[in-house]
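Just so we're aligned: 126 in my numbering is position 63 of the sequence shown, and the numbers increase by one with no gaps anywhere.
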Amino acid sequence: MTSSRDKGLSRIADILAKHPANRGSLIPVLQDIQQDFGYLSEEAVAELERRMGISANEIYGVATFYTQFRFSPPGEHTILSCQGTACHVRGGRQILTELEQRLGVTAGRTTADGKFDLERVACIGCCALAPVVAVDGKVHAQVTAKKIPSIISRYAGEGNFS
């Protein structure tokens, strides 16, 4: 029986086969691994170190330079809190603060139960609907702090966020 670790290593081998075997391909390889797995695990970095001959320190040095890479599994749902000008003027900061308090995490983190990623974004592009929050791509318009528990509970399942 093939373990999930073996399947993961096989997927990494498949990704590496699509790229030239050199340092210049590290970023595209990291992007493909994250696309496939959702994040860059310690195991994936160790496998890259072994197969590419690039130290884990160097791999982490490159990956941590770019905000696109993450090192923990993504949450089940992604909440984007818009902080663009229109949202900011209409209370976007208070909305983000309320989300952080209700979820028990700061922006850029995943809740302990793995249900939610909370991200602060510069603009969602729905300025006329400000302030907005997007959950898994669905935009919630004219959000107030009082609407946050209802929005979260739609995606939380059994969680109580009121």
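Cβ atoms here follow ideal geometry from the backbone N, Cα and C, with glycine treated the same way.
None of the values given here were measured: they were computed from a predicted structure.
Give the DSSP bridge partners of residue i, in chain order.
i: A219; result: According to DSSP, which records beta bridges pairwise, A219 is partnered with nothing at all.
i: R156; result: Paired residues: none, contrary to the question.
i: L181; result: I142 and R172
Would you tell me roughly how many angstroms separate the C-alpha atoms of residue i and residue j, rounded to the nearest one?
i: M115; j: N85; result: 7 Å
i: A208; j: Q146; result: 15 Å
i: F179; j: H151; result: 22 Å
i: A204; j: V195; result: 5 Å
i: I117; j: A170; result: 32 Å
i: Y95; j: K81; result: Reading off the sequence shown, one finds Asp at residue 95, where the question assumed Tyr. Taking the straight line joining both Cα atoms gives about 10 Å.
i: A119; j: V108; result: 6 Å
Given a threshold of 16 other Cβ atoms within 10 Å of its Cβ, counted over all protein chains shown, does residue i qualify as buried or as exposed?
i: G124; result: exposed
i: T148; result: exposed
i: T173; result: buried
i: A185; result: exposed
Within its chain, find whatever has a CB closer than 7 Å to the CB of residue i; leave out the 5 residues flanking it on each side and keep chain order.
i: A126; result: L93, L103 and F132
i: L72; result: E110
Who are the near neighbours of residue i in its chain, counting only those whose CB is closer than 6 Å to its CB and skipping five residues on each side?
i: G154; result: P194
Beta-carbon within less than 8 Å of residue i's beta-carbon, same chain only, minus the 5 sequence neighbours each way: which residues are those?
i: L192; result: V202, A204 and Q205
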